[in-house]
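Student:
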Amino acid sequence: MASDDTTTVLDEAGTRAVKLMLSKLDDHDVTVVFEMVGGVGPIGDLAAEAMKDRNIDL
5 MASDDTTTVL DEAGTRAVKL MLSKLDDHDV TVVFEMVGGV GPIGDLAAEA
55 MKDRNIDL
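Below is the structure:
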């Protein structure tokens with residue numbers, strides 16, 4: 005897990021790659037990704053967006 009003072013930035017290609025990965029996962033696995041990153045940062049944001057789009061509840 006990253007420390008609080010670490011900033012993670014995804015470039016456009018990285019963002020597309022994460023979105024593609026999330027689209028291939030089943031609902032449970034998307035929530036696992038969200039929980040693994042603590043729901044924060046760009047990956048947490050993309051996982052939350054995928055959960056919202058797919059109507060996935062924690």
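If you read the sequence shown in our numbering, its first letter stands for residue 5, the second for the next number, and so on.
The beta-carbon is built from N, C-alpha and C at its ideal position, and this holds for glycine as well.
(1) Specify the secondary structure class of Val37 as computed by DSSP and reduced to three states.
(2) Check Gly48 in the structure and name its three-state DSSP category.
(3) Can you give the Cα-Cα distance for Asp49 and Val36, rounded to whole angstroms?
(4) Have a look at Glu16 and Val41 and give me their C-alpha separation to the nearest angstrom.
(5) By the three-class DSSP mapping on this structure, what secondary structure does Leu26 have?
Tutor: So, to answer that:
(1) helix
(2) In the structure shown, Gly48 adopts helical secondary structure according to DSSP, grouped into three states.
(3) 13 Å
(4) Cα to Cα, the separation comes out at about 20 Å.
(5) helix
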